[in-house]
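**Q**
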Amino acid sequence: MLGVCYYPEHWPESRWSVDAHRMRELGLTHVRIGEFAWSRLEPSRDRFTFDWLDRAIDVLHKAGLKIVLGTPTATPPKWLIDAHPDILPYDEQGHVRGFGSRRHYSFSSGTWWRESARIVEIVARRYGDHPGVVGWQTDNEYGCHSTTVSWGPEDRRAFRQWLRRRYQTPERLNEAWGAVFWSMEVNSFDEVELPNQAVTEVNPAARLDFQRFCSDQVAAYDRMQVDILRAHAPGRFITHNFMGFITDFDHFQVGANLDFASWDSYPIGFVERFPFTDAERALWAETSHPDIAPFHHDLYRGVGHGRFWVMEQQPGPVNWAPWNPVPKPGMVRLWTWEALAHGADVVSYFRWRQAPFAQEQMHAGLNLPGLDEWSVGGREAGQTADELAALGPLPDTCRSPVALVYDYATAWTTAIQPQGKDFCYEELVLRWYEAVRRLGLDIDVVPPGASLAGYALVLVPSLIHVTPAALTAFATATAPVLYGPRTGSRDDTFRIPDTLPPGPLAGLTGNRVTQVASLRPGLAVPVEGTVSGTAIRWREHLTTTGTVLARFADGDPAFTATNGHHCLAAWPDEALLSAVMHHMAGVAGLPVVDLPAHVRLRRRGDLTFAFNYGTEDWLVPTQGTLLLGSNLLKPQEVSIWR
Amino acid sequence: MLGVCYYPEHWPESRWSVDAHRMRELGLTHVRIGEFAWSRLEPSRDRFTFDWLDRAIDVLHKAGLKIVLGTPTATPPKWLIDAHPDILPYDEQGHVRGFGSRRHYSFSSGTWWRESARIVEIVARRYGDHPGVVGWQTDNEYGCHSTTVSWGPEDRRAFRQWLRRRYQTPERLNEAWGAVFWSMEVNSFDEVELPNQAVTEVNPAARLDFQRFCSDQVAAYDRMQVDILRAHAPGRFITHNFMGFITDFDHFQVGANLDFASWDSYPIGFVERFPFTDAERALWAETSHPDIAPFHHDLYRGVGHGRFWVMEQQPGPVNWAPWNPVPKPGMVRLWTWEALAHGADVVSYFRWRQAPFAQEQMHAGLNLPGLDEWSVGGREAGQTADELAALGPLPDTCRSPVALVYDYATAWTTAIQPQGKDFCYEELVLRWYEAVRRLGLDIDVVPPGASLAGYALVLVPSLIHVTPAALTAFATATAPVLYGPRTGSRDDTFRIPDTLPPGPLAGLTGNRVTQVASLRPGLAVPVEGTVSGTAIRWREHLTTTGTVLARFADGDPAFTATNGHHCLAAWPDEALLSAVMHHMAGVAGLPVVDLPAHVRLRRRGDLTFAFNYGTEDWLVPTQGTLLLGSNLLKPQEVSIWR
Amino acid sequence: MLGVCYYPEHWPESRWSVDAHRMRELGLTHVRIGEFAWSRLEPSRDRFTFDWLDRAIDVLHKAGLKIVLGTPTATPPKWLIDAHPDILPYDEQGHVRGFGSRRHYSFSSGTWWRESARIVEIVARRYGDHPGVVGWQTDNEYGCHSTTVSWGPEDRRAFRQWLRRRYQTPERLNEAWGAVFWSMEVNSFDEVELPNQAVTEVNPAARLDFQRFCSDQVAAYDRMQVDILRAHAPGRFITHNFMGFITDFDHFQVGANLDFASWDSYPIGFVERFPFTDAERALWAETSHPDIAPFHHDLYRGVGHGRFWVMEQQPGPVNWAPWNPVPKPGMVRLWTWEALAHGADVVSYFRWRQAPFAQEQMHAGLNLPGLDEWSVGGREAGQTADELAALGPLPDTCRSPVALVYDYATAWTTAIQPQGKDFCYEELVLRWYEAVRRLGLDIDVVPPGASLAGYALVLVPSLIHVTPAALTAFATATAPVLYGPRTGSRDDTFRIPDTLPPGPLAGLTGNRVTQVASLRPGLAVPVEGTVSGTAIRWREHLTTTGTVLARFADGDPAFTATNGHHCLAAWPDEALLSAVMHHMAGVAGLPVVDLPAHVRLRRRGDLTFAFNYGTEDWLVPTQGTLLLGSNLLKPQEVSIWR
């Protein structure tokens, strides 16, 4: 199903009805509203002006649209900030991050929790049982604009409380952090400072605890909103719209609060955000890279317990990337079908109509700025809606053959201690994901500790700390498992394990890592054996009791196997990565299709989808029944067959 | 005529007379003094020590020099700052910008206005009718070192007043800014914050208003000084020495206060400041690019109502660029003749003698550091003075065939919302200017709304907001007009026009822009037709009722014409830009000369000047009477013919 | 002799004895302890817990190890900072640099001097006459993490005092700084601000005085510690462990307090810190550049009055560079022998055992993390100890044939006023050093003003201010002297000399510099004559009464000589630099060996050492008696012969 994000407060009331009917006409079924409207709902303290929203909801509902209502906490109004400046967040240099845009609050402000609970309850009580409101969105894009972490007095206060709960005594804190180093021991929790503004590098265990604390604060804040909504909006679903490439809180943890996950998909903008090469950025500038959105679909399907929406789908050029090209014709349709192929229940475009004013005036909508006239994206949305209607209900999404274990704590840990400037966990994960999808395989993204039963192949690009639950899952996996560099290299308190890395995995893998090297650009180590290629960026020196499948040029093991537990002791270049994934697919008994860089496949139930991101045709290798498109998959085209 | 900047306070009184006579001997007629001397005029509150300046002025006057006296407000002394720290400006991060160099004041400080008026009046009363003081310079280089904008409490106070005057009610402010977006509405002007230190992007209309406010403050402050000077210095001219490549206040607006404009010409230093490629920077490192100084001459002739001076002319290597090479022999003379060719009344070198101490000790003068001995630049100044004397009075400057519409507000708007990281208005303008001068054509730089009568060709590289006055000027122009990208894309409140871009120009051009794309390096779109080349950086998608002169590769219009109103819907590469300018010159009926990259022509009255910036000779294509130089224009040489 | 850095406080007491015996077993004789242990010695105000350190010292002493005890002032504990936040330093933007790592103190805090004196005296009284404690280290790595300079209120107060002592009256300060420029004159010392946070460039004489003040503060602080230690630890040596590539205080000045110098040698990490090209960084990533550590050995031998230790020797990969590769096998041994060849008395590895926790957990030790098991570096240290024992006592270090004059004030001056963005004094010095060592010559690094008697060749890469003592040394030198660019270009108050550069050297050199040019990348000036090559980055225009040995392309002198006083008026490229050094060696009558880029020689007494940093063998050109290694010097190998 398709939906759209709509801001009735941006347009004269006389246009609402026209808009609602054109939404239906286009084939949309859902509409999200309200998440930035606080100043229109409560223009000053306790003066409430909900009447316009009542009418807007009625107009949309009467037109047959299902409404998702956002809590308005992403934009506390000026009168509230002026009355309670302790709401504001602080940056790492200790400056207040002020009013003037959005997300200007600290998750640790006590005032902010009270004010959030107050407005959420008021909104929830008013619309909780409205028949048109089928679900709720908490806040908007937690963590966007680096707002997970704040460095102010309220944050310090809350962090000290969190530490007190975690460690009970200063002695245990000192022990956990190894605070004897550089005389950093404290005599009380009130002596603990936030890990910023020190003369040089701060204790990594302290930084990790601060990151855990910040992540916990997001989850607890979300839980507070969810609890209020559940109390007053019975039977309605609750979701949150996550942002891609935001890793500074644990999305699985917030996902546990929700009925399902949703996310905001801006495939082209993300091309500039991910550390692609300039050549890749130019290549994918007008289509996005073929794994950027899919990876997130698979991630949020995992965060959402198997269900997800795209709450905001890019419908044309956006405004916030360093460059903002126009998507190639067909891409808005392609992205929509792709989200559905990965299991999306609803794809909701952002936004209905381009706003001619304010910060996002250069962000396309389904309609041209200020007008009742379809944009290119609007026309493609309509075409997709028609095709979707013709196709009928989509089958359920099945378990994928491949599980990729994704761990937010590993993102934090490697950012705190990269050891090599270009060791970027998100990049490693996406490169592994890309290599597997180039083999035509579908992937589920799962958190560490989740059951791995039923998968044919398990990939662990890196997992710094292997928890007991994760160890159990690996030990009981029947599929072959591939562990990447740095796996098992730290314990729960950021210590190197007593047995050296891979710590708890020593038994399963037979390995022991005695040294690691980060390799600057220009340094590379050839790897030869069952697989071959080159190690770049990172290389481990290890001994193994297992089988050595490939060796570095100096003879040391590079790729090992012990009873199905495989270790890759390097950051692989493209050739080595591809060879390793081919090898693992062979071990797993998975048939593969070697796809060109610009084509991807994806199954949903008994349907197979193919997508062409490139400039050359691709011959679909199927004997199945084509339901959409043709066997000759043209650029920016979609084919679906059963 | 030639002049020099002189600091009697830097040298023992015994040397003043020697200096004055050597100035005359060199052929100089004017001397500027006094603009940094506050601590020597009033070393502590109300203790005045003007006697030395009295004597210095007398010595210079008696030697036959005409004196330009600067008000000393660019350098408030320490005792004043200590007594009134509210004078100090703030940077965008909220830090005070302290004492220790110059321009350490905010244009919005109430104290500062009172103190400025006080010292200006004292100086003006003392020297207003001195026969040797022929004119005045207000302050020094407004805006230099990013001092137009300040972000402190005094600035916030004044900005709120400015908004109150502009909008009367908070409701109108909210409406103008589209403040409903992200709940940014205010209930009173006292709730408005400066547009800095927000969590993410700030409202662009707010930023534009803040920029307008800052620009207005500069003009009003200058006006305050001008009013005092006019009251006490009857019959003397008043000017200000602007700096090139400073666009954060409207120079035309300040120019309106003045009798004529002057500017400080540092051609080599600017090579590092303008976004040239590294290859261009190496090519022009020792001569400057041949359009850098000329563009500014033409700009300030426009700012100065047809008259301008070079108040500070680079006489050798300077101290403030990342690299400071020695100009090639001949360049000081070349730059001087070039300024005169573009209409300068006086070219005044900065400075008489290199100071062996303090911040600018590596800045060359006409004399070597601390010595009575000509530098290379001093010798070239003397040669130029001799040649100038031989040539006799220069004819008046005539109207040029080409008008280039230059708009400070477009510089602000595109900086606030670049949409593509490399969309730089100043760069676009200079590239258009360069392309036209490569055809041997002279250019007048005019503000939007100025009459375009009498021009053969009008160029509008970009003009984001087309005011009614500008529209009238375009509509009544008899010459062909060429509009560049983004023209007409916003209204007065930074909104996209209801009719889409080009807004008010829709009628004249027949165009309607539905989408725009910014193109990262590596993306480019071929253009073919009457002209051909490549679109880079920016491309518009438009429909037209006019003639399509060239199309993008996908068939969309790239270059259109309707009754002489031409639109270029792209940022052109060098080939496309050159082709378009050739085409426009043809339409305008202007004969052109294809000049090599290193040669430029310029007329003043019935004289034609040629300048060679390069390393190869150039054969002057003239049958006229040579007054200076030869028909074979050698590197770094000047030829003048009638 | 060999030693190690050890942290008994990091390990259970039960392991101390095992560690001590394994140290002896490896062949170590010295152990440094205690420099970061304050929180374990005084966990809260006046609660002292020295018993553990008593026992640790006894265990080490009884095992036969000689102990170097560090004063614990590099890591003031949290309780002290909370009680006295005025101890904390400030960064240049005015932010407090807080607790959380180390070196969180300002050298100008009055409280901090009292507290430092207190703890140093307590420690010195307790262990001053312990028979196991043979020497002391003051603090740890002064200046590391940019901690020489602090910008807080305590610093401003102390700077004003320092200025009052230096200048007596504000008038003399104003005169010395040329403060008339830009009206910067002060009426009292209390009006002086720190030279930060001004609107633009600050007075360079003020900046130089501030740098001198900061350097003096370090030396005075160190002297305070030294005086206490001398009073309570009779007969024990006192040293400090300097860090390489830290130039913001005068190491010779601190060295004057000490019995000898020591330094912390991290050859690989420094490859990323020095401005090498990317190609050089890749080439030397796993070995270091062959002159990085040697230059510092020679420097600290000079700082230490002919004696030095390596107090911390890199034993494997470290944690703090952008990339941290594993050293090639053999490099830990090579670096150790190389330090000894350059005259080190003791080479002490950092650290005994890799810590599995806290900031430096990725820093290798002689033992694997947390284990009693040799790392690669541990094994190489053992091999070296065995070889050293076999070789017997090393001869004394002799005077080298070449003296290189190194001047911290020139580093400050050129950083304050680079004039060309890539004029980096440290780089110039290292390139000269490299060029001479490529000729097989040994070098002593000496401060300006030191006697140059007995040297065959004197090199002065640059010496901005030539003091009377330096002038005397040059004038009385019997060896040829080579002066590099900018020598003699400023006087004591940062003024250009009245006679123009080279100021006091005008007489000796016959030269007069009238202009200088800094050259951006892409600009270069050919040089031809007795030597040939290219000038890059910097070029001087001079006249000379001496012999012109080579000229720039325009005919101006580039390389001159007058009675043995040679001047190179440029930053030379590699070819020109090599040619000049060959020429100078010829003039000096020094026989040279042209070494490949990866090989270096060094003599100690009658021994000659050869080191191979590269990937190709090198045939040792000797008829002497081989004591270690072979005539075919293999990669990463060492040969020693008599």
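Here the protein sequences come in this chain order: A, B and C.
Sequential numbering of the first sequence, starting at 4, is according to my numbering.
Sequential numbering of the second sequence, starting at 4, is according to my numbering.
Sequential numbering of the third sequence, starting at 4, is according to my numbering.
No residue lacks a Cβ here, since even glycine has one placed at the ideal position from N, Cα and C.
Keep in mind it's a predicted model, so treat the numbers as computed, not measured.
(1) So, does the stretch 202–222 of chain A touch the stretch 89–103 of chain C, judging by three or more C-beta pairs under 8 angstroms?
(2) Look up Q171 (chain C) in the DSSP assignment and say whether it is helix, strand or coil.
(3) Would a check of beta-carbon distances place Q220 (chain C) closer than 9 angstroms to chain B?
(4) Just to confirm my understanding: we take H586 (chain A), look at its own chain, exclude 5 residues before and 5 after, and list those with CB closer than 7 angstroms. What are they?
(5) Using CA coordinates, which residue listed in B:R440, B:L579 and B:A527 is at the minimum distance from L654 (chain A)?
(6) Report the neighbours of D501 (chain B) on chain A: residues whose CB is nearer than 9 angstroms to its CB, in chain order.
(7) Provide the residue(s) that pair with N370 (chain C) in DSSP beta bridges, ordered along the chain.
(8) Using 10 angstroms around the beta-carbon of D399 (chain C), count the other beta-carbons present and answer buried if the total reaches 16, otherwise exposed.
(9) Three Cβ pairs or more, each shorter than 8 angstroms: is that satisfied between the stretch 63–83 of chain A and the stretch 131–150 of chain A?
(10) Suppose you measure from the CA of L474 (chain C) to the CA of R233 (chain C); what does that come to, to the nearest Å?
(11) Mind checking which residues open and close the beta strand (DSSP E) that includes Q316 (chain C)?
(12) Can you name the residues of chain C whose CB is closer than 8 angstroms to the CB of G506 (chain A)?
(13) Select from B:A561, B:E95 and B:A209 the residue whose C-alpha is nearest the C-alpha of I539 (chain B).
(14) With a cut-off of 9 angstroms, does the C-beta of F39 (chain C) fall near any C-beta of chain A?
(15) Got a sec: is the Cβ-Cβ distance from S153 (chain C) to anything in chain B below 9 angstroms?
(16) Which whole-angstrom value is the C-beta distance of A578 (chain B) and G525 (chain B), which I expect to be below 8 angstroms?
(17) Given a cut-off of 9 angstroms on the beta-carbon distance, is the pair Q317 (chain B) and P270 (chain B) in contact?
(18) Kindly indicate which three-state DSSP category A418 (chain A) falls into: helix, strand or coil?
(19) Closest to I122 (chain B) by C-alpha separation, out of B:W180, B:D49 and B:N260, would be which residue?
(20) Return helix, strand or coil for C217 (chain C), following the three-state DSSP convention.
(21) Taking R498 (chain B) as the query, report the chain A residues whose CB atoms sit under 7 angstroms from its CB, ordered along the chain.
(22) Measuring only between beta-carbons, confirm whether H133 (chain A) sits less than 9 angstroms from chain C.
(23) If you compare alpha carbons, which of B:D559, B:R542, B:G558 and B:T565 is closest to G549 (chain B)?
(24) Could you tell me whether the Cβ of R175 (chain B) comes closer than 9 angstroms to any Cβ of chain A?
(25) Indicate whether A388 (chain C) and L31 (chain C) have their beta-carbon atoms separated by less than 9 angstroms.
(26) Is Q518 (chain A) helix, strand or coil when you go by DSSP?
(27) Is it buried or exposed for G381 (chain C), if we count other Cβ within 10 angstroms and need 16 for buried?
(28) Once DSSP output is grouped into helix, strand and coil, what is the label at V461 (chain B)?
(29) Going by DSSP, name the residue or residues bridged to S47 (chain A).
(30) Can you list the beta strand (DSSP E) stretches of 3 or more residues lying completely in the stretch 33–98 of chain B, in chain order?
(31) Would you mind telling me which residues of chain A sit closer than 8 angstroms to G319 (chain C), beta carbon to beta carbon, in chain order?
(32) Count the C-beta pairs between the stretch 310–329 of chain C and the stretch 350–357 of chain C that are closer than 8 angstroms, then say yes if the count reaches three, no if not.
**A** Looking at the atomic coordinates:
(1) yes
(2) Here residue 171 (chain C) refers to the residue found at position 168 when the third sequence is read from its first residue. The answer is coil: DSSP assigns Q171 (chain C) none of H, G, I, E or B.
(3) Translated into positions along the third sequence, residue 220 (chain C) becomes position 217. Closer than 9 angstroms: no.
(4) Numbered from its first residue, the first sequence carries residue 586 (chain A) at position 583. Closer than 7 angstroms at the Cβ level, and outside the excluded window around H586 (chain A), lie T533 and V534.
(5) Shown here, chain A extends from 4 to 645; a query on residue 654 (chain A) therefore has no answer.
(6) Taking the first residue of the second sequence as 1, we reach residue 501 (chain B) at position 498. Simply P359, P372, G373 and L374.
(7) Here residue 370 (chain C) corresponds to residue number 367 of the third sequence, with the count starting at 1. In DSSP, N370 (chain C) forms a bridge with C:R356 and C:W377.
(8) Working through the third sequence from its first residue, we reach residue 399 (chain C) at position 396. So D399 (chain C) ends up on the exposed side.
(9) yes
(10) Reading the third sequence from its first residue, position 471 is the one you call residue 474 (chain C). Reading the third sequence from its first residue, position 230 is the one you call residue 233 (chain C). About 35 angstroms.
(11) Taking the first residue of the third sequence as position 1, residue 316 (chain C) is located at position 313. First-last of the beta strand (DSSP E) with Q316 (chain C): F311 to Q316.
(12) Within the first sequence, numbered from 1, the residue matching residue 506 (chain A) stands at position 503. The contacting residues do not exist; G506 (chain A) stays about 11 angstroms from chain C at best.
(13) Within the second sequence, residue 539 (chain B) is the residue found at index 536, counting from 1. Of the listed residues, the one whose Cα sits closest to I539 (chain B) is B:A561.
(14) Your numbering for residue 39 (chain C) matches position 36 in the third sequence. Chain A, which has a Cβ nearer than 9 angstroms to the Cβ of F39 (chain C), makes this yes.
(15) Here residue 153 (chain C) corresponds to residue number 150 of the third sequence, with the count starting at 1. For S153 (chain C), the answer is no, since every Cβ of chain B falls outside 9 angstroms of its Cβ.
(16) Taking the first residue of the second sequence as position 1, residue 578 (chain B) is located at position 575. Taking the first residue of the second sequence as position 1, residue 525 (chain B) is located at position 522. Contact flag wrong, Cβ pair sits at about 18 angstroms.
(17) Position 314 of the second sequence, counted from the first residue, corresponds to residue 317 (chain B). Position 267 of the second sequence, counted from the first residue, corresponds to residue 270 (chain B). Going by C-beta atoms, Q317 (chain B) is nearer than 9 angstroms to P270 (chain B).
(18) As a working mapping, residue 418 (chain A) is identified with position 415 in the first sequence. Note: A418 (chain A) maps to helix in three-state DSSP.
(19) The count along the second sequence starts at 1 and reaches residue 122 (chain B) at position 119. Of the candidates B:W180, B:D49 and B:N260, the one whose C-alpha sits nearest the C-alpha of I122 (chain B) is B:D49.
(20) Residue 217 (chain C) sits at position 214 when you count from the first residue of the third sequence. C217 (chain C) falls in the helix class under three-state DSSP.
(21) In the second sequence, counting from the first residue as 1, residue 498 (chain B) sits at position 495. Correct list: P359 and F360.
(22) In the first sequence, counting from the first residue as 1, residue 133 (chain A) sits at position 130. No, H133 (chain A) does not count as interfacial toward chain C.
(23) Taking the second sequence and counting its residues from 1, one reaches residue 549 (chain B) at position 546. Looking at the Cα atoms, B:T565 is the closest of the given residues.
(24) Within the second sequence, numbered from 1, the residue matching residue 175 (chain B) stands at position 172. No, because no Cβ of chain A sits closer than 9 angstroms to the Cβ of R175 (chain B).
(25) One-based indexing of the third sequence puts residue 388 (chain C) at position 385. One-based indexing of the third sequence puts residue 31 (chain C) at position 28. Yes, the Cβ-Cβ distance between A388 (chain C) and L31 (chain C) is below 9 angstroms.
(26) Sequence index remark: in the first sequence, residue 518 (chain A) carries index 515 (1-based). Q518 (chain A) falls in the strand class under three-state DSSP.
(27) Residue numbering aside, residue 381 (chain C) sits at position 378 when the third sequence is read from its first letter. Buried, by the Cβ-count rule.
(28) Reading the second sequence from its first residue, position 458 is the one you call residue 461 (chain B). Three-state result, V461 (chain B): strand.
(29) Against the first sequence, residue 47 (chain A) aligns to sequence position 44. In DSSP, S47 (chain A) forms a bridge with A:R50.
(30) 33–36 and 69–73
(31) Within the third sequence, numbered from 1, the residue matching residue 319 (chain C) stands at position 316. Per Cβ cutoff of 8 angstroms: Q518.
(32) yes
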